[in-house]
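These notes concern the structure reproduced below.
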Amino acid sequence: MKVLIRLLMCIAVTWAFKCDEAAPASASAQEASENGPSRRDMRSAYRRAGAVQIVYSTADPDVVPVYLQYADSLRANLRGRLAVSVLADSDLSLEKLRESPLILVGRNFKQGAVDSILNGLPFKLSTGSWEFDGKEYTGPELLFRLNQYPNPLNRQMPVTLISANRDQNLADWIRRQSGNGGGGFFFGGWGYEIFDRNETVALGEFTDGSWTIDRASQRDFSRYRDTLARSAHFVFIDKGAGLTADQLNDLQSGCEAGIARIGAYLGTDRPLPSIRYYLYGAAEDKGLQLRDMDPAQVNPDKNEVYVLATPPFNGQTLQPENYLALNAWLGKASKPFLARGLAVFFTEAWHQKGYTYWAGRLNESGNLPALRELLDDEAFSRESGLVMDCSAASFCAYLLDAWGKEKFLEQYRDWSPPDQAETDRLESGWKAWLTRNGAGDEPVFKMKLTALKGFNFAHEGYQVFNGYGSRMAEASLTKLSRLGANTVALVPYGFMRDADRPGFIGVDHGAGGENDESVIQSAWFAHRNGLTTLLKPQIWVSRGWPGDVQMTSEEDWKQFFDFYYRWIRHYALMAEMEHMDALCIGVEFAKATVGHPEAWKQIIRKIRGIYSGPVTYAANWGEEFENLTFWDELDYIGLDCYYPLSDKQSPEKSELQAAFAKVLDKVERISRQYHKPVIFTEIGFRSVATPWRNPHAERGDRPVDQKAQDLCYEVVFEGLRAKPWVAGVLWWKWPSYLDYDGDGGGCFSPNNKLAEATLKKWFGHPE
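Under our numbering, the letters of the sequence shown match residues 272 to 1038, in that order.
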């Protein structure tokens, strides 16, 4: 749901000329040429025109209804933002095709007006194929999207061309996209994209002005298709993993040994269909190609496995092929928990320590999900995979012990729902089994943090290549490290639709979002650059912020805290598994914290049973921070510090210093009261006029003012000097890609601004 909402939001702000996430381009591609319009001009044309025309091919009557249905869906999504008209290719004039942005869908357009456009585009359609960049594309499953290219009839208006080598394949693709929100198919983030069914095989951008291909931005994944090895049950295919011969041999023998173990346990040597095993090297590349960054993904319909085969994931260790082998030998499981649980049961080192260790930790700490949640297909499927998979595997192991293999396999194929008494008995037995076979050792509490100096690392790009887990993110973290920072906060978001009604809070799985894989990859990048990591999950509340969360009844509050606990439990387990250095268990809830301290104490105590490192909470400045009563449950007091420093237009530096000193006095009192050090989990100022008035406020119509931002940085750094009760400061915020220029230069980031030099000086690298 969150992916859909973000997609529609991005489309909406595109029309308002605020969504500027373009694909990466070389420096020359960033400067508009006198030869023609820029990509920015093409995006802003929608706002100028206030309309878009969809023109579809009528060559194949069987697929026309698909085009029309999808156009209707897009019209509904854009209602109130753009007028959408839908036209057949059979009755068009040149004038009609000039007047507003166009989307051409199909192939074999009727000769006439549309040809005047097609002849001027870089994709050249012909019977059964197309040509682009000197290469002919003939595969029957190939599709492409040319996105927002200048219309040859009116270069101030964009045209998008979506086509394929077969109309029916294009229709099938569109049907599949309708399940993913819709708009993303018509409005891509790249200048062009080429697809082979569900996989992206090439993409890139055009240079502003000249609209030639920008070679620096090109991604051609088609070269990664070599078959590396074949074995009895597998075909290993390279997708950029770059494994050595020894690594490939180890993988091949390990996969075959795993299949042999399953077959021996089940007592079968029945032949299996060959499993195609795709080996990806980078989460970014897998995300761009498959729109999925899962390190160990399976496609049962195609009998294929897709893994991120390099650190930090080494997805092959999760043995996703187990799922396919069990599906082939046993048939489809009668319950999802049985299918996933038995596959993990046969995984030797699930998340390094094995499923019994992690399920045992959950059990010992009171965090094991109830058995009814495993038996409820919907609940099982929507909950954290980390929590549910190890729990399901341990329950399968218990059932195999308690029932024996024969009865278990009968139930695997045809599950008989137990009554409540039997459910209670099974749950009791399962927990006793985990007590005997689980973790066994107590986790060692990790050392306390040293003085933190860093930033909240912001996922500013939602197109895979510019967000968490990308090469751009690694470059951004490398620069931050070189500036002298030693810490980053990683901030994955959950979503609440209503601030006054409880609802399930899911974990983002979209390729362009703050999914687990992108967060883990970013943490790995950070550690490789010598940066400490604070995992700081945060809730995005529709039309508001976490401080708006206010339930209307005690029952709703109870349900809200249950949903929130399940969400933060996932991140606590991930933080422990992935060796995050610290965990923040909440951000800026205000009313939900001050009014309900006991609920938070219960959550904190349970989370501490999973995560063995330092724990904090990021309180909003003012009433929440000053009235919170559960600081003694935490290792650090966390403050998101946006106290106003002056209401003047041009205050003297000494006035700002005096105001910040008063803020520090207030913060120190809380620190002394609870005998806890304070981390400024957020503090920041926009590079706009008067950022000291309301530091948290939107830019509005304020002009860019880098000097004002720099002055605020100086005041804060000078004020924090020699304060032993301050454990560190994490500024808001540092972008996931260095070309980010939010709010037209008026964003919070100090990157490439005057404040960067001040930052470098105070972070301890004066050179």
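In this text, a Cβ means the ideal position worked out from N, Cα and C, and glycines have one as well. Keep in mind it's a predicted model, so treat the numbers as computed, not measured.
For Arg879 and Leu916, the rounded distance between their alpha carbons: Cα to Cα, the separation comes out at about 36 Å.
Span separating the alpha-carbon of Met718 from that of Ala853: Distance between the alpha carbons of Met718 and Ala853: 10 Å.
Ser942 to Lys702 span [Cα, whole Å]: Looking at the two C-alpha atoms, the distance is approximately 41 Å.
For Arg1039, the nearest candidate out of Gly1013, Val938, Phe415 (CA to CA): Residue 1039 cannot be examined here, being either before or after the span of the chain that is shown, 272 to 1038.
Cβ-Cβ separation, Pro688 to Ser652 (assumed contact under 8 Å), whole Å: Contact annotation, Ser652 with Pro688: C-beta distance approximately 17 Å; criterion of less than 8 Å not satisfied.
CB contact check: Gly525 to chain B, cutoff 8 Å: Looking at the structure shown, chain B is missing, and only one protein chain is on hand.
Continuous alpha helix (DSSP H) assignments of at least 4 residues falling wholly in the stretch 841-920: You should have 862-865, 868-879, 894-898.
Asn708, enclosing alpha helix (DSSP H) - first and last residue: Counting along the chain, the unbroken alpha helix (DSSP H) around Asn708 starts and ends at 691-708.
Residue span of the alpha helix (DSSP H) that contains Phe415, given as start and end: Segment 413-422 is the beta strand (DSSP E) holding Phe415; no alpha helix (DSSP H) there.
Among Pro411, Lys877, Met743, Ala316, nearest to Pro372 - alpha-carbon criterion: Nearest option by C-alpha distance: Ala316.
Cβ shell of Gln560 (< 7 Å), same chain only, five flanking positions each side left out: By the criterion of a C-beta distance shorter than 7 Å, Gln560 is surrounded in its chain by Glu470, Thr471, Phe492, once the five residues flanking it on both sides are discounted.
Collapsed DSSP secondary structure at Asn574 in the structure displayed: Coil at Asn574, not helix or strand.
Test item: CB-CB of Tyr999 and Leu720 under 8 Å: Just to set this straight, residue 999 is Gly in the shown sequence, not Tyr. When the beta-carbon positions are compared, Gly999 and Leu720 come within less than 8 Å of each other.
Candidates Phe896, Val430, Thr409, Asp918: closest to Leu910 by CA position: With distances taken between Cα atoms, Leu910 lies closest to Phe896.
Lys750: first and last residue of the uninterrupted beta strand (DSSP E) it sits in: Here Lys750 belongs to no beta strand (DSSP E); instead the alpha helix (DSSP H) covers 742-753.
Nearest-angstrom beta carbon gap, Trp963 and Pro922 [assumed within contact, 8 Å]: Rounded, the Cβ-Cβ distance is 7 Å, consistent with contact.
Exposure of Glu464, with buried meaning 16 or more beta-carbon neighbours within 10 Å: Result: buried.
Three-pair Cβ contact test at 8 Å for the stretch 688-698 versus the stretch 766-778: Touching, no, given that fewer than three Cβ pairs across the two stretches are closer than 8 Å.
Terminal residues of the alpha helix (DSSP H) in which Ile776 lies: Note, Ile776: premise wrong, no alpha helix (DSSP H); not H, not E.
Extent of the continuous alpha helix (DSSP H) run through Lys606: For Lys606, there is no enclosing alpha helix (DSSP H), since its DSSP letter is neither H nor E.
Unbroken beta strand (DSSP E) run spanning Lys1024, endpoints: Premise fails: Lys1024 is in no beta strand (DSSP E) and is neither H nor E.
N- and C-terminal bounds of the alpha helix (DSSP H) containing Asn440: Boundaries of the alpha helix (DSSP H) harbouring Asn440: 438-448, taken from the DSSP string.
Cβ-based burial, Leu365 [other Cβ within 10 Å; buried from 16]: Residue environment: Leu365 is assigned as exposed (fewer than 16 neighbouring CB atoms within 10 Å of its CB, all protein chains considered).
Identified DSSP bridge partners for Asn727: As a beta-bridge residue in DSSP terms, Asn727 pairs with Ala760, Trp1003.
Beta bridge counterpart(s) of Gly462 as assigned by DSSP: Residue pairing of Gly462 in beta bridges, as defined by DSSP: absent, with no partner found.
Three-state secondary structure assigned by DSSP to Asp491: Asp491 falls in the strand class under three-state DSSP.
7 Å CB neighbourhood of Ser304 in its chain, flanking five on each side removed: In this predicted model, Ser304 has a pLDDT of only 45, less than 50, meaning its place in the structure is not dependable enough to derive any value.
Backbone CA spacing between Ala567 and Glu969 [nearest angstrom]: C-alpha separation (whole angstroms): 40 Å.
Selection from Asp819, Thr758, Pro773 that minimises the alpha carbon distance to Asn800: Among Asp819, Thr758, Pro773, the Cα nearest to that of Asn800 is on Thr758.
Endpoints, beta strand (DSSP E) assigned at Ala641: Annotation for Ala641: no beta strand (DSSP E) segment contains it, and DSSP assigns it neither H nor E.
Option nearest Ser747 by Cα separation, candidates His867, Glu370, Asn1023: For Ser747, the closest C-alpha among the options His867, Glu370, Asn1023 is that of Asn1023.
Rounded straight-line distance, which links the Cα of Ser793 to that of Glu849: Whole-angstrom Cα-Cα distance: 11 Å.
Proximity below 8 Å, CB of Gln439 to CB of Val334: Yes.
Nearest-angstrom beta carbon gap, Ile445 and Val337 [assumed within contact, 8 Å]: Right, the Cβ-Cβ distance comes to about 6 Å (below 8 Å), so this counts as a contact.
Own chain, CB closer than 6 Å to Gly529, minus 5 neighbours either side, in chain order: Spatial neighbours of Gly529 in its own chain (CB-CB distance under 6 Å, excluding positions within 5 residues in sequence) are listed in chain order as Gln590.
Residue span of the alpha helix (DSSP H) that contains Lys395, given as start and end: Per DSSP, Lys395 lies in no alpha helix (DSSP H); the unbroken beta strand (DSSP E) holding it starts and ends at 395-397.
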